[in-house]
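Inspection log for the structure reproduced underneath, given as structure tokens.
Numbering (full-length UniProt numbering), first residue to last: 1 to 734.
What follows is the structure in structure tokens.
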């Protein structure tokens, strides 16, 4: 045997703390055919800074689709089927790097996925730039050992094979379409020492999180066999034989694989495709063939019980209609209702093998027409399975194939509807089998028939994540998949878990706090107008307006009102906040008016540019603040040196205005930078609004002593006025 080793690698990704599926970093690999050994090389590392602590990384594995994980322990939507993912933990403790190997023998060929994430997120809102998070990196590499000349078993032909004691024997057989069963036999097994042999036979490949390999141990010269029901159609089935005898004795044996073929009966014809684009309620074309014989319609075929006896299944034609990314609708050519009887299952094929369908949710909804079922106690059993259909629902009531555990559904007169949601369905051809079952035996069901309406579709997010979630399309290289990001305390895969959900009253309270707290800018606006700072008052009004409506639009629940685009509101809110700080500090510096207004305009333009580059960067706020503080301190020092006394010179100004304003500003910055979390955001951020607005009212400098208070009668009437020249303090009559 000739073995070839191959190596596949993907770039490392920075891990995130888990709060929704988008935080999990996905790795996508393709395992080639005839792989006998798969080895994952998992490399995890962390930074060396003091902020880096011991960390446990969870790594999930799955075959055929991204892993379905639930680190937060939330509830899945009703009717959803979930198999716990296979996962391991990689710990970073004293070392800054960890290397872990995971070996899988005889892995299934096809798509494999790995998802890695850190523990649950603490929920603290970190301002970009105030703290440096520790980088945790993860990289997955794949080594495969592939057999280039794996022996092939021909169905129905016995093949002589030899198993050496050093390594197992790998053979494969191709399973044809419509195979109802497979029989594998091991004959005439003898060792090189002419003794009774002992071997172990493993049929099938390993898939995660569930593996359904079939194992049989053969001891002695007695023939042993293994039967499989519904083996995977149109796939290579790998068989491994290991010697359990002595270390230097090989074993020879005959292998025989035979199949039981299922003869399908189909209700499709050429005329179905002619009527595909016509109205289902309109007239259909004639079903008479060219030779004068008539083709049976769906109803005629279901009623012709004598002809059905020779078929093991009745296939219904299904058309796959691609709608969008990870969005598919399945249309039945003979109408949404399919006939179901007891003699043979009705089979529908749902094609999900394009390689881009595993990132959504497969939804199958069945509705029983009660008037079509004449037997009150009869049950319509259904099974959704991958790779091959279930062909014996009436005999075993078991929804399982050779290597796949299907998803059972049932309908009866009392409960006529059944729904199934398969989260991240694996890449394969899926089948829906339906059959009528009677509790007293099949005799009374021979003439009975039920009509079942079938709706099947693939959607990125089930129910579009509901009213409290947002469906996000995620990408890893060229692979697309979807996930739900929940809000307002809701959780779960589709945002259906209301364990920690906020009530409508709490949502209204949060909206009122975040919006009405901006009204605390009214005192600052009044003080600015009273002291003739009209430009500053205009900036505060702008900030109050856009902050109010931005937070009204930013709410996660039902109490939401958006007067314009969300991104526009957010940008205007951030711009107004930073410009308000900029003009307030420059106003406190008491520089000449022409210089102050030039700095107002120039600073606003630079702030607008920096916010467009990085809206949430801490230096967008700290940069203008520090520059304005430098200007203010320089102006105050200049005034103090010029007057030979402390500036401002009034102790009352320091005690009753500056110190309270500075204290409020520092408390506001501390709350904003270090205390906000997802849970307390609505009241901590409201406190930020109140503190900033109050500090502005305290920090604005007093009115120029040469200017009189607002006298509205003098401003609105026409008369002689005394004008003041500030520079020479002279008065003239005009």
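Even glycine gets a Cβ: it sits at the ideal position worked out from N, Cα and C.
It should be emphasised that the depicted structure is a prediction, and the values quoted were computed from it without experimental measurement.
Asked	Found
Measure the alpha-carbon distance for residue 72 versus residue 556 and round it to whole angstroms.	20 Å
Just grab the DSSP bridge partners of residue 241 for me.	169 and 201
Contact between the region 42–58 and the region 161–168: three or more CB pairs below 8 Å?	no
Residue 560: buried (16+ other C-beta within 10 angstroms of its C-beta) or exposed?	exposed
According to DSSP, is residue 10 part of a helix, a strand, or is it coil?	coil
Starting from residue 505, trace the alpha helix (DSSP H) in both directions and tell me its first and last residue.	504–516
My guess is that residue 175 and residue 233 are in contact by the Cβ rule of under 8 Å, so how many angstroms apart are they, rounded?	6 Å
Give a yes or no on contact between the region 683–695 and the region 658–670, applying the rule of three or more CB pairs nearer than 8 Å.	yes
Taking buried to mean at least 16 other C-beta atoms within 10 Å of its own C-beta, is residue 511 buried or exposed?	buried
Provide the residue span of the alpha helix (DSSP H) that contains residue 469, from first to last.	Taken as a continuous stretch (DSSP letters only), residue 469 belongs to no alpha helix (DSSP H), being part of the beta strand (DSSP E) at 469–476.
Assuming residue 528 and residue 542 form a contact by the criterion Cβ under 8 Å, report the distance between their Cβ atoms to the nearest whole angstrom.	Incorrect: roughly 12 Å between the Cβ atoms, too far for contact.
With three or more beta-carbon pairs closer than 8 Å as the criterion, would you say the region 209–223 touches the region 185–198?	yes
Can you tell me the Cβ-Cβ gap for residue 63 and residue 112, rounded? I've got them flagged as a contact below 8 Å.	6 Å
State buried or exposed for residue 122, treating a residue as buried only when at least 16 other CB atoms are found within 10 Å of its CB.	exposed
Can you give me the C-alpha to C-alpha distance between residue 454 and residue 349, rounded to a whole angstrom?	12 Å
Residue 325: which of 496, 245, 475 and 215 sits nearest, CA to CA?	475
Rounded to the nearest angstrom, what separates residue 503 and residue 470 at their Cα positions?	19 Å
By the DSSP assignment, the beta strand (DSSP E) with residue 486 in it spans what residues?	479–486
Which runs of the beta strand (DSSP E) fall wholly inside the region 108–136 and span at least 3 residues, in chain order?	110–120
Using DSSP with H/G/I as helix, E/B as strand and the rest coil, what is residue 70?	coil
In whole angstroms, what separates the C-alpha of residue 678 from that of residue 436?	52 Å
Give a yes or no on contact between the region 644–662 and the region 476–483, applying the rule of three or more CB pairs nearer than 8 Å.	no
Could you give the residue range of the alpha helix (DSSP H) that holds residue 386?	Run containing residue 386: none in the alpha helix (DSSP H); it sits in the beta strand (DSSP E), 379–386.
Out of curiosity, what's the CA-to-CA distance linking residue 74 and residue 249?	55 Å
Count the other CB atoms within 10 Å of the CB of residue 489; is the residue buried (16 or more) or exposed (fewer)?	buried
At 4 residues or longer, what runs of the alpha helix (DSSP H) sit wholly inside the region 202–238?	none
From residue 702 to residue 688, what does the alpha carbon distance come to, in whole angstroms?	25 Å
Taking the alpha-carbon positions, what's the residue 585 to residue 508 distance?	35 Å
Could you please give the first and the last residue of the uninterrupted beta strand (DSSP E) stretch that includes residue 35?	35–46
Could you pull out every residue in the same chain whose Cβ sits closer than 7 Å to the Cβ of residue 495, ignoring the five residues on either side in sequence?	465, 466, 468, 469, 484 and 486
Which residue wins for smallest C-alpha separation from residue 48, given the options 591, 136 and 237?	136
Is residue 375 closer than 8 Å to residue 417 when the C-beta atoms are compared?	no
Does DSSP put residue 563 in a helix, in a strand, or in coil?	coil
Three or more beta-carbon pairs under 8 Å between the region 78–86 and the region 31–40, yes or no?	no
Are residue 422 and residue 361 touching if we call contact CB-CB under 8 Å?	yes
When DSSP labels each residue in this structure, what does residue 656 get in the three-state scheme?	helix
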